[in-house]
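In order, the protein sequence lines correspond to chains A and B.
Heads up, the first sequence stops at 194 in my numbering, and the numbers go up one at a time, no gaps.
Heads up, the second sequence stops at 1488 in my numbering, and the numbers go up one at a time, no gaps.
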Amino acid sequence: MGRANQKQTMPDDRIVELYWERSESAISETADKYGDYCHYIAYNILYNREDAEESVNDTWLDAWNNMPPHKPSILSTFLGKITRRISVDRWRKKHAGKRGGGEMDLVLDELEDCVSDPTDIEMVIEQQEMVRVIREFLDALPATERRVFLRRYWYMDSVAGIALDYDLTEIKTASMLHRKRKKLREKLESEGYL
Amino acid sequence: MKKEQIVDMIGEAPDNYVKDAKEYKKKRRIPFPQWSKWMGGIAAVLALVILVNNIPTIPLVISAKAVSVASESRKTERPKRKNGGDPDEWRSQMDLWYAERDARDVLVEAASPSIADFAGLVSGEVLSGVDDINRVWSPVNAYIALAMTAELTGSETQAQVLDVLGADDAAELRRQISAVWEEIYENNGKEISVLANSLWLDKDVEYVQEKMDSIAYDYYASVYQGDLGSEKTNRAMTNWMRNQTGGMLKDRTGNVQIDPEDQVLAIASTIYFQSKWVDEFDKADNTQAIFHAVSGDVEATFMNKEEYEMNYNWGEDYGAVQIFLENGSFMWFILPDEGKTVDDVLASDEYMKMITEVYSSKDEERNSKRMKVNLSVPQFDVSAGVNLKESLRNIGLSELFDPAGCDFSPSFLPSDDFSLNPYVASIHQDTRVKIDEQGVTAASYIEIIGAGAAEPPDEIIDFVLDRPFVFAITKRDIPLFVGTVNMP
Chain A
1 MGRANQKQTM PDDRIVELYW ERSESAISET ADKYGDYCHY IAYNILYNRE
51 DAEESVNDTW LDAWNNMPPH KPSILSTFLG KITRRISVDR WRKKHAGKRG
101 GGEMDLVLDE LEDCVSDPTD IEMVIEQQEM VRVIREFLDA LPATERRVFL
151 RRYWYMDSVA GIALDYDLTE IKTASMLHRK RKKLREKLES EGYL
Chain B
1001 MKKEQIVDMI GEAPDNYVKD AKEYKKKRRI PFPQWSKWMG GIAAVLALVI
1051 LVNNIPTIPL VISAKAVSVA SESRKTERPK RKNGGDPDEW RSQMDLWYAE
1101 RDARDVLVEA ASPSIADFAG LVSGEVLSGV DDINRVWSPV NAYIALAMTA
1151 ELTGSETQAQ VLDVLGADDA AELRRQISAV WEEIYENNGK EISVLANSLW
1201 LDKDVEYVQE KMDSIAYDYY ASVYQGDLGS EKTNRAMTNW MRNQTGGMLK
1251 DRTGNVQIDP EDQVLAIAST IYFQSKWVDE FDKADNTQAI FHAVSGDVEA
1301 TFMNKEEYEM NYNWGEDYGA VQIFLENGSF MWFILPDEGK TVDDVLASDE
1351 YMKMITEVYS SKDEERNSKR MKVNLSVPQF DVSAGVNLKE SLRNIGLSEL
1401 FDPAGCDFSP SFLPSDDFSL NPYVASIHQD TRVKIDEQGV TAASYIEIIG
1451 AGAAEPPDEI IDFVLDRPFV FAITKRDIPL FVGTVNMP
């Protein structure tokens, strides 16, 4: 029951193989399976349908150029990270110095809580250090709080949407996020980055 | 730290957490998806990366009796997805295709370590030399030609061949060779990679038809019979080889000469390979620069790529990069460290493991790192002829070359005339590999006549192949070609 309507998709390892075999089907299979997912990430950041579509198309090209050599163990996140990076870059180019609406402006406002005073000397954090710091920070969070944090600041989902999905009130969600931002700031301070 | 950096840092969250956060939520409606527009974009992307090659066509005229004709590829063609076609039907066809491919993969994976061991052992023998001579050979081509002799021989002769090939028994080897042949086979307009074999019998040899049919089916080899050593049959062999190697070995195969005396059996085996770089070199970036050959400096044309993102690999005595060719083949450039020579690289099996364990090893097990590389590769057109007989003797193969001890009795009927009892008089292989801005062309034919290392730095590195180096072409962990460039 219901199976006939279920969209059949190719297993991830098969899709990765298609990329390694330089098969044209790799991109159409990826689009079938992860098009929605990548579009959702891009749209949350860019808040513009055409820009989101361009980011998603750029994601396929980037994936094609990176497999091989990469053999991602979690294809969805591999693609999602590309979409997120491309979309954030696109947002920055488009909105340099001005607000563009959507969750990205709000997210950046919220993340002000985590950063240093503008008058402080800016500490540069290397990429490898970023990976370690964020992993340690997330490791220390309970599962629900970690999910809520990532839904807001990785996927740039709206607070209302997260609250709905997790059966929380918006106030409770916002308060949870506020506490986590504070915690991240403490972590960065203790590491000497603020 | 700025808030933008925090955005980037959160972007580095571990994959499993990111996945978990998304999957935990209820299904969400996507704002305004427009699939048709996306697909238009995808088609445009593909048009940029798919390039077309054509194999040169040379007419095949064989003036010898065809005893058994080589099987064509039995590999099912990958089902094509048609616009507007039923995606579920296509996927079920793909499932079948995958099942066949998986069964082949098991055999190729089983064969791969043995081919790599054989390639490592013999490469040391045929490629060593700190001098100005370029050397190249095709391990898989020789391996398959030798496997054919295992099929044709019996008793101790067969046991020795199997031992050298690292195979447990002839039946298993036969299955593996079929799989390897199919795995390498590609002639789809994008990439050409064709192994072809042929067995030539003297007109007086009485053969076992069943064996000849097995050679045709399992080894994709044609079996011909003629007056071996005559001008007519030499010309037929020449024609066959030229046909199989796209005319690339014209000079070398232009004059097959088999001594009419005592020759009753010849095996000719060729490989033709042509592919494009995934990212072509730009001719405008070429430079004339010095290559430090052993005998002194020479000028060469170098192809260059600046800050090219690629895998940098390292071993005890070398650094290496791999360039991707269409359809997933790799070309490897292995540069001995300063103060080391190509012989130091070839003396260890480390480089061979590196090039033949890409698919079977995990990323973290490899001395490999994604880096930005300023790459400089001299254009080269390397051709070499090697007689593998001595090299094979050195690694323990002797019976095959012994007129008194060689046992071909399973395939050929005994003859009162002792001179008609077959043995292998020589195994000759000619190979040519040529690279330019667009890609690689390589051909090889083999003729058997029966008669310390530290992790590299994190920044951009220069990888300049301006001194003798080792190169290789691999496909699915099978070494197709290995060679040295001592003088580009």
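Backbone N, C-alpha and C fix where the C-beta goes; we use that ideal spot for every residue, glycine too.
It should be emphasised that the depicted structure is a prediction, and the values quoted were computed from it without experimental measurement.
Item	Value
Of the residues B:S1138, B:E1100, B:S1198 and B:Q1438, which one's Cα is nearest the Cα of F1324 of chain B?	B:Q1438
Are the CB atoms of V1180 of chain B and L1392 of chain B nearer to each other than 9 Å?	no
Counting only the same chain and skipping the five closest in sequence on each side, list residues whose C-beta sits under 8 Å from that of W60 of chain A.	I27, T30 and A31
Hey, quick one: how far does the beta strand (DSSP E) through T1522 of chain B stretch, first residue to last?	Because chain B spans 1001 through 1488 in this model, residue 1522 of chain B falls outside it and cannot be assessed.
Around the Cβ of V1130 of chain B, are there at least 16 other Cβ atoms within 10 angstroms (buried) or fewer (exposed)?	exposed
Using a C-beta cutoff of 9 Å, does I1115 of chain B count as contacting chain A?	no
Between B:K1475, B:M1009 and B:Q1158, which lies nearest to R22 of chain A when the distance is taken from Cα to Cα?	B:K1475
Leaving out five residues on either side along the sequence, give the residues of the same chain with a beta carbon under 6 Å from the beta carbon of T1484 of chain B.	L1127, R1135, V1342 and V1470
Buried or exposed: which applies to A1013 of chain B, given that a residue is buried once 16 or more other Cβ atoms fall within 10 Å of its Cβ?	buried
Please compile the residues from chain B whose C-beta is within a distance smaller than 8 Å of the C-beta of M10 of chain A.	R1091 and M1094
My guess is that D212 of chain A and R90 of chain A are in contact by the Cβ rule of under 8 Å, so how many angstroms apart are they, rounded?	One cannot answer for residue 212 of chain A here, as it falls past the ends of chain A, which runs 1 to 194.
Going residue by residue through the region 1179-1225 of chain B, where are the continuous beta strand (DSSP E) segments of at least 3 residues, counting only ones entirely within it?	1192-1202
Quick one: which residues of the region 76-97 of chain A get their C-beta closer than 8 Å to a C-beta of chain B? List them in chain order.	S76, T77, F78, G80, K81, R84, R85, V88 and R92
Please report the residue range of the beta strand (DSSP E) in which Y155 of chain A lies.	Premise fails: Y155 of chain A is in no beta strand (DSSP E) and is neither H nor E.
Taking only beta-carbon atoms, is V1122 of chain B less than 9 Å away from chain A?	no
Between the region 1365-1382 of chain B and the region 1089-1107 of chain B, can you find at least three pairs of beta-carbon atoms closer than 8 Å?	no
By alpha-carbon positions, which one of B:W1240, B:G1328 and B:Q1244 ends up nearest to N65 of chain A?	B:G1328
Kindly say whether M1009 of chain B, judged by its beta-carbon, lies nearer than 9 Å to any beta-carbon of chain A.	yes
Distance check for I41 of chain A and Y1318 of chain B, CA to CA, integer angstroms please.	43 Å
Using 9 Å as the threshold, is the C-beta distance between S1269 of chain B and M1354 of chain B below it?	no
Give the residues from the region 130-149 of chain A that approach chain B closer than 7 Å (Cβ to any Cβ), ordered along the chain.	M130, V131, V133, I134, R135, L138, R146 and R147
When you compare the CB positions of K1022 of chain B and S190 of chain A, do they come within less than 9 Å of one another, or not?	no
Rounded to whole angstroms, what is the Cα-Cα separation between D1462 of chain B and I1184 of chain B?	33 Å
Is T1441 of chain B helix, strand or coil when you go by DSSP?	strand
The beta strand (DSSP E) spanning Y1272 of chain B covers which residue range?	L1265 to K1276
If you follow the beta strand (DSSP E) that R1432 of chain B is in, where does it begin and where does it stop?	S1426 to I1435
Identify every run of the beta strand (DSSP E) within the region 1118-1146 of chain B, keeping only runs that are complete inside it and at least 3 residues long; order them along the chain.	1135-1137
On the three-state DSSP scale, how would you describe E1357 of chain B?	coil
Can you have a look at V1298 of chain B and say buried or exposed, based on whether 16 or more other CB atoms are within 10 angstroms of its CB?	exposed
Here's the rule I'm using: 16 or more other beta-carbon atoms within 10 Å means buried, otherwise exposed. How should K93 of chain A be labelled?	exposed
Spatial neighbours of E1399 of chain B within its chain, please: C-beta separation below 7 Å, excluding the five flanking residues on both sides.	E1156, T1157, Q1160, G1405 and C1406
Where do the N-terminal and C-terminal ends of the beta strand (DSSP E) with S1382 of chain B fall, by residue?	Correcting the residue type first, residue 1382 of chain B is Val in the shown sequence and not Ser. Its beta strand (DSSP E) spans residues F1380 to N1387.
From this set, B:A1472, B:N1197 and B:E1307, which residue's C-alpha is nearest S1073 of chain B's C-alpha?	B:N1197
Can you tell me which residues form a DSSP beta bridge with P1479 of chain B?	B:T1474
Could you tell me if G80 of chain A is buried or exposed, where buried requires 16 or more neighbouring beta carbons within 10 angstroms of its beta carbon?	buried
Are there 16 or more other CB atoms within 10 angstroms of the CB of P1479 of chain B, so buried, or fewer, so exposed?	buried
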